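Residues in the sequence shown are numbered consecutively from 1, following the working numbering.
Note that CB positions come from ideal geometry on N, CA and C, so glycine has one too.
As the structure is a prediction and not an experimental result, all values here were calculated from the model.
Report on one structure; see the data block that follows.
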Amino acid sequence: MTTTLNRPATSSPPVTPTPPAKPSLRHRLNVLDMKVSPYLYIAPFFILFALVGLFPLAYTFVVSLYDWHLLTGQGEFVGLQNFVEVLQDRFFWNSLFNTMSIFLLSAIPQLAVAILIAAVLDQNLRARTFWRMSILLPYVVTPVAVALIFTNMFGEQYGLINNIISSFGIEPIMWKSETLPSHIAIATMVNWRWTGYNALILLAAMQSVPRDLYESAAIDGAGAVRRFFSITLPSIRPTMVFVIITATIGGLQIFTEPRLFDPTTVGGTGRQFQTTVLYLWEMAFQRQNFGKASTIAWLLFLIIVAFGIVNWLLSRRIATSGEGRDPGRPRRRRFGKRSSAAAVVLPAVGQQPPAPKLTASPKNGTKPRRQS
């Protein structure tokens, strides 16, 4: 008889988990660099914007709440009294009207001419680089030189334009004494300086449009005008919104052109072309009332914000209106008459197609023939 003895189970020693390896200093620095470096890259912009943007804006609002003068400094606290007095000032509303008038006379023709120039420069022209660089020459010229040139051109007695129209028997135009002629003259100065700049931005957007779209549209029979309105304009819609917003902000802050158009006065003898920023400058440095000048600055800021919101809403509406189809793809249109033989009648949705009819063959009528 064989007896089997069971050995006692030997207890294995507990396995202690090995502690994770301590990351090296280089690894910790790499992780810190991945987390912190993006904020360091964008920090200079926000610091500079806070110093030259947010702080002056907040401090201007503080000044608008006091009776603050240029020489005596901070006076007594008046609250919103400066806002009430400025809103009741007829000169403020006159300057706002002049600003809007000059803005409309400059922004609308400027955008239209800039799109036209960009479309012409987008073609295969000889010496394209020369023409594209030449449209920036008005932007490079200093505003003082531009004002001197156009002031002599729009002179009431010895100006070039009045001399030309007088040769045709037309009475001289009072460019500096009347409201509408002065607005047209200042808007001409603005358009001459900024049209080329905006045209170059629109030209860059037009060059990013794929050329295959133009070729396919030309094969379909679309002409140059149809391709421009169906392909070019929808494709550069975001750039046009950017140009409109920047032109709006710049047009509402116009100061240099009306100030240099007639340096002897502050916006004309009857304030016929005094803009809002020019009225702000007069209130601050001639009347030495910093409280009301800060109030005008804040009111202008709110007006610009309101215009920016309106432009943003309009741009969203324009952008959403083109989401149903590709903005760079033209709608196909047949330019010739369609023959009746090519027309195909399709069944309605959910309707079964008609079954083919079986007719007898002309040969003895024994074999059926399928007829659609």
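- DSSP places TYR214 in the helix class (H, G or I) of the three-state scheme.
- In this structure, the CA atom of ARG132 is about 28 Å from the CA atom of PHE255.
- Relative to the Cα of ARG193, the nearest Cα in the group SER106, ARG26, LEU302 belongs to SER106.
- With contacts defined by Cβ atoms closer than 8 Å, THR232 and ALA50 do not form a contacting pair.
- DSSP, read as helix, strand or coil, puts GLY73 in strand.
- Under the three-pair Cβ rule at 8 Å, the segment 32-40 does not count as touching the segment 267-281.
- In the DSSP assignment, TYR66 forms a beta bridge with PHE77.
- Beyond the five residues adjoining it in sequence on each side, PRO109 comes within less than 8 Å, by CB distance, of ALA187, ASN191 in the same chain, given in chain order.
- Per DSSP, PRO23 is not a residue of any alpha helix (DSSP H), being assigned neither H nor E.
- In the DSSP assignment, MET174 falls outside any alpha helix (DSSP H), carrying neither H nor E.
- Within the model, the alpha-carbon separation for THR151 versus PHE301 is close to 30 Å.
- A Cβ-Cβ contact shorter than 8 Å links ALA199 with ALA114.
- Unbroken alpha helix (DSSP H) stretches of 4 residues or longer found wholly inside the segment 96-140: 128-134, 137-140, given in chain order.
- The Cβ atoms of TRP298 and PHE61 lie closer than 8 Å to each other.
- With 16 or more other Cβ atoms inside 10 Å of its own Cβ, PRO234 counts as buried.
- Taken atom to atom, the span from the alpha-carbon of TYR39 to that of PRO181 is near 52 Å.
- Runs of the alpha helix (DSSP H) lying entirely within the segment 232-274, each at least 4 residues long, are 237-252, 256-261 in chain order.
- By the Cβ-count criterion, GLN272 is buried, with 16 or more other Cβ atoms from all chains shown falling within 10 Å of its own Cβ.
- The alpha-carbon separation between GLN74 and THR275 amounts to approximately 27 Å.
- Contact check between the segment 75-91 and the segment 283-293: three or more CB pairs, one atom from each, fall below 8 Å, which counts as touching.
- Checking the DSSP bridge columns, you'll see ASN289 partnered with HIS69.
- Within the same chain, Cβ atoms closer than 8 Å to the Cβ of VAL78 are found at LEU65, TYR66, ASP67, GLY291, the five residues on either side in sequence being excluded.
- When the alpha-carbon of VAL243 is set against those of ALA222, GLY223, ASN124, TRP312, the nearest one is in TRP312.
- The three-state secondary structure of TYR41, taken from DSSP, is helix.
- Here PHE83 has THR295 as same chain residues with Cβ atoms under 6 Å from its own Cβ, once five neighbours each way along the sequence are excluded.
- Assignment of GLU85 by DSSP, reduced to helix, strand and coil, places it in the helix class.
- Note on VAL310: under 16 other CB atoms within 10 angstroms of its CB, so exposed under the neighbour-count rule.
- Going by beta carbons, GLY196 and ILE102 fall outside the 8 Å limit.
- Looking from the CA of MET100, the closest CA among GLU178, ALA293, GLY250 belongs to GLY250.
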